[in-house]
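Just so we're aligned, residue 8 is where the sequence shown starts under this note's numbering, counting upward by one.
Beta carbons are placed, not taken as given, at the ideal position from N, Cα and C, and that holds for glycine.
These notes concern the structure reproduced below.
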Amino acid sequence: MSTGGKDQFYFAPMEGITGYLFRNEFHRQFDTNHEITKYFGPFVAATREGLTKSRDQKDVDPQNNQGITLVPQLLGNSGEYAIPYLEKFEELGYGEVNLNIGCPYGTVVSKKKGAGLLAQTELLENYLEAIFAWKDRTGSTLSISVKTRSGMNRHEEWEGLLEIYNEYPLSELILHPRIGTDLYANHPQTQDFAYAVSHSKHTLCYNGDLFTKEDFGEMKQLFPENARWMFGRGLLVNPSLLREIQGGPAISREEFLNYQDNITNNYVNQKWGDKTVLFKMKELWNYWQYLFKSQDRESGNSVEENTREPEYYLKKIRKAQRVSEYERAVWELVGSCEITTENGFGRRGYRIK
8 MSTGGKDQFY FAPMEGITGY LFRNEFHRQF DTNHEITKYF GPFVAATREG LTKSRDQKDV
68 DPQNNQGITL VPQLLGNSGE YAIPYLEKFE ELGYGEVNLN IGCPYGTVVS KKKGAGLLAQ
128 TELLENYLEA IFAWKDRTGS TLSISVKTRS GMNRHEEWEG LLEIYNEYPL SELILHPRIG
188 TDLYANHPQT QDFAYAVSHS KHTLCYNGDL FTKEDFGEMK QLFPENARWM FGRGLLVNPS
248 LLREIQGGPA ISREEFLNYQ DNITNNYVNQ KWGDKTVLFK MKELWNYWQY LFKSQDRESG
308 NSVEENTREP EYYLKKIRKA QRVSEYERAV WELVGSCEIT TENGFGRRGY RIK
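Written as structure tokens, this is what we have:
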């Protein structure tokens, strides 16, 4: 089922990265006109203990998410464990909860959760049945959406999975048309989304490899009737991506430095210590690295500086052991390299650790 209407943009959940401190800074600097309709929180794992982890409590606290529409995401496979979380989210004032049925990582899949649940169709049906029976029994007005992949092991699983989803009154079905075993390799199979457009009873949202404005343009041309789009890694690499899609300017050096500095300071102010702050910032540089290219010679810099690729400075960032050392390396990189938003994601293939 297509959505039609004005395009709506969502920020995908990224475990360990897009928590409230990050979201608030992104919103403050790059979402001033509320281009992002919904921010989806990193998954909260449903356990018998309930919502007791301090990190999860802080991330879904409405006081920490003012000015944005946050959709909490729940990772589970048991209605017994999930329902207390749904009740708590509703008590906190949330109108929607998203079920994570797509996370492809081994530690999740091995527990028959995330994409692992896609290979356990009876368990999946029991999970959804328990949740919607609770809604019917209690009269809850909480909307339940699903973020899914096309299958766990084969794309041929998708038709049967969609039949299951069609049995329940989901508020929205967000499809990343990869399978679980892909992780983030291979390419999204757009025919799976096309099948959903033709056969789903639900409002649809497309997710997967929207890294540049050209990527979005191609997908919009392929699915002109679709109006809901979820961006993940593309917005991590290039926070000005939605602005560019709407005809605005690309991110500048000054904007990036301000953005990066503020996120760093937000983490430093948590009193986590240099090691934890640097772990989180280096994780972001696994994405930000694609924003930079070597300086053009006509810029006036010396030949020596022009021969240095971004990797030279990224190594300094990787090796930094103190926040002050890290900050110097960042300033060197930004001062010596040009920003480009044409790379998208995945052009280099090395990681900052």
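For this session: Could you tell me the boundaries of the beta strand (DSSP E) in which residue 236 lies?
Result: In the DSSP annotation of this structure, the continuous segment of the beta strand (DSSP E) that includes residue 236 starts and ends at 235–238.
Problem set entry | residue 156 - DSSP class collapsed to helix/strand/coil | In the structure shown, residue 156 sits in a strand (DSSP, three-state: E or B).
Problem set entry | Cβ-based burial, residue 74 [other Cβ within 10 Å; buried from 16] | Burial call: exposed.
Exercise. Any idea what DSSP makes of residue 101, helix, strand or coil?
Worked result: In the three-state scheme derived from DSSP, where H, G and I count as helix and E and B as strand, residue 101 is classed as coil.
Exercise. Out of curiosity, what's the CA-to-CA distance linking residue 131 and residue 171?
Worked result: When rounded, the distance between both Cα atoms is 8 angstroms.
Exercise. Looking only at its own chain, which residues have a Cβ that is under 8 angstroms from the Cβ of residue 137, when we skip the five neighbours before and after it?
Worked result: Taken in chain order, the residues that qualify are 85, 86, 87, 89, 90.
Exercise. Is it the case that the Cβ atoms of residue 53 and residue 81 are separated by a distance below 7 angstroms?
Worked result: Yes, the pair counts as a contact, with Cβ atoms nearer than the cut-off.
For this session: Pick helix, strand or coil for residue 308, following the three-state DSSP scheme.
Result: Any reading at residue 308 is ruled out, since the residue's pLDDT is 49, under 50, leaving its predicted position unreliable.
Problem set entry | Cα-Cα separation, residue 145 to residue 185 | Distance between the alpha carbons of residue 145 and residue 185: 35 angstroms.
For this session: Give the DSSP-derived three-state secondary structure of residue 44 in the structure shown.
Result: Note: residue 44 maps to strand in three-state DSSP.
For this session: Sort 340, 20, 277 by Cα distance to residue 292 and report the nearest one.
Result: From the listed residues 340, 20, 277, the smallest Cα separation to residue 292 is found for 340.
Exercise. For the region 124–190, which segments carrying the alpha helix (DSSP H) assignment without a break, of at least 4 residues, lie completely within its bounds, in sequence order?
Worked result: Fully enclosed alpha helix (DSSP H) runs of 4 or longer: 128–145, 165–173.
Exercise. Going along the chain, which residues of its own chain have a beta-carbon closer than 8 angstroms to the beta-carbon of residue 351, five neighbours each way excluded?
Worked result: If we look at residue 351 and ignore the five residues flanking it on each side, its Cβ neighbours are 218, 219, 222, 241, 244, 297.
For this session: Could you give the DSSP three-state label for residue 253: helix, strand or coil?
Result: In the three-state reduction of the DSSP assignment, residue 253 falls in the coil class, being assigned neither a helical nor a strand state.
Problem set entry | Inter-residue spacing [alpha-carbon to alpha-carbon] between residue 121 and residue 61 | Cα to Cα, residue 121 sits roughly 22 angstroms from residue 61.
Problem set entry | Alpha-carbon spacing of residue 209 relative to residue 152, whole angstroms | Taking the straight line from one Cα to the other gives about 10 angstroms.
For this session: Assign residue 38 to buried or exposed, taking buried as 16 or more other Cβ atoms, counted over all protein chains shown, within 10 Å of its Cβ.
Result: Buried is the label assigned to residue 38, since at least 16 other Cβ atoms lie within 10 Å of its Cβ.
Problem set entry | Reference residue 48, options 281, 154, 317, closest by Cα | Taking residue 48 as reference, the option from 281, 154, 317 with the minimal CA-CA separation is 154.
Exercise. Among the residues of its own chain, which have a CB less than 6 angstroms from the CB of residue 157, if the five just before and after it don't count?
Worked result: Taken in chain order, the residues that qualify are 165, 184, 186, 199.
For this session: For residue 276, count neighbouring C-beta atoms within 10 Å of its own C-beta (all shown protein chains included) and say buried if the count is 16 or more, exposed if not.
Result: Flag for residue 276 reads exposed.
Problem set entry | 6 angstroms CB neighbourhood of residue 28 in its chain, flanking five on each side removed | Correct list, in chain order: 273.
Exercise. Mind checking whether residue 179 and residue 212 have CB atoms under 7 angstroms apart?
Worked result: Taking a C-beta distance under 7 angstroms as the contact criterion, residue 179 and residue 212 qualify as a contact pair.
Problem set entry | residue 288 versus residue 205 - alpha carbon distance | Cα to Cα, residue 288 sits roughly 42 angstroms from residue 205.
Problem set entry | As assigned by DSSP and simplified to three states, the class of residue 112 | Residue state for residue 112 is assigned as coil, using DSSP reduced to three classes.
Problem set entry | Closest by C-alpha distance to residue 302, when choosing among 290, 294, 318 | Per the Cα distances, 318.
Problem set entry | Exposure label - residue 105; buried when at least 16 CB within 10 Å | Buried, since its Cβ has 16 or more Cβ neighbours within 10 Å.
For this session: Alpha carbon to alpha carbon, how far is residue 194 from residue 143? Give it in angstroms, no decimals.
Result: So the two alpha carbons sit approximately 39 angstroms from each other.
For this session: Return the chain-ordered list of same chain residues with a C-beta closer than 6 angstroms to the C-beta of residue 306, the five sequence neighbours on each side being excluded.
Result: For residue 306, the pLDDT reaches just 48, beneath the cut-off of 50, and the residue's location in the model is therefore unreliable, although a value from the coordinates is still provided. Same-chain partners within the cutoff: there are none.
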